[in-house]
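Residue numbers (the working numbering), protein chains in the order written: chain A, 585 to 752; chain B, 8 to 170.
Note that beta-carbon positions come from the ideal geometry of N, C-alpha and C, so glycine has one too.
Accompanying notes for the structure given below.
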């Protein structure tokens, strides 16, 4: 399992940026990375650019859910893609006070209305190799189904947050 | 090793942290939204509120120097105190600014417009001779820079980071 600190995630090739972390909500931690200078844009195979100068990455880590949500915004503050990481636990790193999540392999992306589940093979492999327990494997699958339902029914509370108000 | 993201958070219940990564330095700003009780220091026979609701803690960490600077700022965006603290090493670990604290500080209290050294006797006890000498040299260098008006953080337009 990989512990992911939000101070570190998704900054490859980024040489100048600003990071805001909000510790003022009882239900979630929220961070905003504003990309000021990147060596090269990050572009998906389908041509969608997710990281470039003046783009934003917003991460929401619910305190009582088993997933982290990442939303990519362009320089016009338009939402480009949602990326959900299923997690064993979300919390605050004791030493640095930086929010983190323990990544449980399976991911879900929502892009232009298309929903895709990724890396289920990695989850199965982790179980087969004994890197996670059967309980953790089941937790990932139950969370995935619950999350897919909330996305399809358009009632996921974190997707419906006014994230644009955090983009300075 | 001290993480700039976790310093001075005692009794603070709600806050916002900003980290600005520049090419030669980084700056962290903590905006205090809710603290259980104000943090007050006795300085120069005055009680000075250092941390309270609406206050800021700005920390400056240059990558090519051996000190950090912490600035306490009130809710009207006025500087209360500047602390220059000698460090053995400044670095970024997992995207987090960290420094090795060498204890000796040079402090500027704005209210009394005074400057003074902190922790010299304490540093003598807890540091080895080499680190102690290194720290004293660093802090004396900062002192000279301030006197010459050439210290970067002393001259910084800090208000642009209070957003």
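For a cutoff of 7 Å on Cβ pairs, would you count residue 159 of chain B as touching chain A? no
Residue span of the alpha helix (DSSP H) that contains residue 634 of chain A, given as start and end: No alpha helix (DSSP H) holds residue 634 of chain A; the beta strand (DSSP E) holding it covers 633-635.
Please report the residue range of the alpha helix (DSSP H) in which residue 12 of chain B lies. No alpha helix (DSSP H) contains residue 12 of chain B, which DSSP labels as neither H nor E.
Own chain residues within Cβ distance below 6 Å of residue 661 of chain A, not counting five before or after: 748 and 751
Strictly by DSSP, which residues pair up with residue 585 of chain A? Paired residues: none, contrary to the question.
Answer yes or no: do residue 70 of chain B and residue 160 of chain B have a C-beta to C-beta separation smaller than 7 Å? no
Taking the alpha-carbon positions, what's the residue 601 of chain A to residue 666 of chain A distance? 21 Å
Give me the chain B residues within the contact set of residue 679 of chain A, using Cβ-Cβ distance strictly less than 7 Å, ordered along the chain. 10 and 13
Could one say the Cβ of residue 75 of chain B lies closer than 7 Å to chain A's Cβ atoms, at least one of them? no
Could you name the residues of the same chain whose beta carbon sits closer than 7 Å to that of residue 664 of chain A, not counting the 5 residues immediately before and after it, in chain order? 632, 634, 656, 657 and 658
Can you list, in chain order, the stretches of the beta strand (DSSP E) that have 3 or more residues and sit fully within the segment 612-700 of chain A? 612-622, 633-635, 640-646, 651-657, 663-676 and 683-695
How do the segment 611-620 of chain A and the segment 635-649 of chain A stand: do at least 3 beta-carbon pairs fall below 8 Å, yes or no? yes
Using three-state DSSP, classify residue 593 of chain A as helix, strand or coil. coil
Grab the span of the beta strand (DSSP E) containing residue 58 of chain B for me, first residue to last. 53-58
Please name the residues in the segment 90-103 of chain B whose beta-carbon is closer than 7 Å to at least one beta-carbon of chain A, in chain order. 101, 102 and 103
How many Å lie between residue 121 of chain B and residue 26 of chain B at the Cα? 29 Å
Is the distance from the Cβ of residue 753 of chain A to the Cβ of residue 703 of chain A below 7 Å? Look at the range of chain A in this structure, 585 to 752, and you will see that residue 753 of chain A is not part of it.
Chain-ordered chain B contacts of residue 591 of chain A [CB-CB under 7 Å]: 101, 102 and 103
Buried or exposed, going by whether 16 or more other CB atoms sit within 10 Å of the CB of residue 713 of chain A? exposed
Cross-strand partners of residue 77 of chain B (DSSP beta bridge): B:66 and B:90
Where do the N-terminal and C-terminal ends of the beta strand (DSSP E) with residue 169 of chain B fall, by residue? From DSSP, residue 169 of chain B is part of no beta strand (DSSP E); its letter is neither H nor E.
Three-state secondary structure assigned by DSSP to residue 140 of chain B: helix
I think residue 96 of chain B touches residue 107 of chain B, with their Cβ atoms under 8 Å apart; what is that distance to the nearest whole Å? 5 Å
Quick check on residue 613 of chain A - is its C-beta less than 7 Å from some C-beta in chain B? no
Please determine, among A:739, A:729 and A:711, the residue with the shortest C-alpha to C-alpha distance to residue 721 of chain A. A:711
Compute the distance between the beta-carbons of residue 72 of chain B and residue 41 of chain B, then report whether it is under 7 Å. no
Compare the Cα-Cα distances from residue 61 of chain B to each of B:77, B:49 and B:83 and report the closest residue. B:83
Do residue 149 of chain B and residue 32 of chain B have their C-beta atoms within less than 7 Å of each other? no
Rounded straight-line distance, which links the Cα of residue 110 of chain B to that of residue 629 of chain A: 51 Å
CB-CB length for residue 24 of chain B against residue 105 of chain B, believed under 8 Å: Not confirmed; about 15 Å, so no contact.
Cα-Cα, which of A:654, A:596 and A:687 is closest to residue 613 of chain A? A:654
Might you give, ordered along the chain, the residues of its own chain that have their beta carbon closer than 7 Å to the beta carbon of residue 8 of chain B, omitting 5 neighbours on each side? 105 and 107
Whole angstroms is fine: what's the gap from residue 605 of chain A's alpha carbon to residue 139 of chain B's? 35 Å
Residue 651 of chain A burial status per 10 Å Cβ neighbour count (16 or more: buried): buried
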